[in-house]
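Peer 1: There's a structure below that I have some questions on.
In our numbering, the protein residues as written are 682 to 831.
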């Protein structure tokens, strides 16, 4: 991965993302979260110019503590935000919504859209799967361990 913003979703074909080695490389390299770029501006429905801000990478709780939203990424290639966790781990079956995988570039009320996504069932299940996967407790890794023992 030698390209600028190598984990940018825009560099990958959706069909290739099922390979565990590719997922592992993306996760190990880290999310695509550029901060020192000029985010592009686009008009909202009423014609007001809007753009993404790197401040959205963080959630501020009531106590004032800023917590990073590690799932939230910005694609420089596609000019949109997306959920890395859902892109890599969300089930593509029942009640699947691909807007946070394909990416969102409608900046109007983006803060609300982020909040709605991070409490959605699809996102929570993807986070749970990512946690299991990162602990190397997936069925594939268990089978691999068993095969290596034999």
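Even glycine gets a Cβ: it sits at the ideal position worked out from N, Cα and C. As the structure is a prediction and not an experimental result, all values here were calculated from the model.
1. Pull up the DSSP beta-bridge partners for residue 741, would you.
2. Which two residues bound the contiguous alpha helix (DSSP H) that contains residue 808?
3. Name the residue from 713, 708, 763 and 703 whose alpha carbon lies nearest to the alpha carbon of residue 787.
4. Leaving out five residues before and five after residue 758 in sequence, what residues of the same chain have Cβ atoms less than 8 Å from its Cβ?
5. Could you tell me how far apart the beta carbons of residue 710 and residue 733 are, in whole angstroms, since I believe they sit closer than 8 Å?
6. Whole angstroms is fine: what's the gap from residue 783's alpha carbon to residue 746's?
7. Check the C-beta distance from residue 814 over to residue 798 and give it rounded, since I have them as a contact under 8 Å.
8. Is DSSP giving residue 732 helix, strand or coil here?
9. Which whole-angstrom value is the C-beta distance of residue 712 and residue 751, which I expect to be below 8 Å?
10. Is it buried or exposed, residue 682, if we count other Cβ atoms within 10 angstroms and call 16 or more buried?
11. Need the endpoints of the alpha helix (DSSP H) that residue 703 sits in, please.
12. Cutting at 7 Å between CB atoms, please list the residues of its own chain near residue 765, excluding the five before and the five after it.
13. Distance, Cα to Cα, residue 697 vs residue 804?
Peer 2: To lay it out plainly:
1. 747
2. 802 to 815
3. 763
4. 686, 689, 690, 691 and 692
5. Their Cβ separation, rounded to whole angstroms, is 21 Å, which puts residue 710 and residue 733 out of contact at 8 Å.
6. 30 Å
7. That pair is no contact at about 20 Å.
8. strand
9. 6 Å
10. Here the model assigns residue 682 a pLDDT of 47, short of 50, so the residue's position is not dependable, and the following value carries that caveat. Classification of residue 682: exposed, given that the 10 Å Cβ count is below 16.
11. 701 to 710
12. 712, 752 and 754
13. 21 Å
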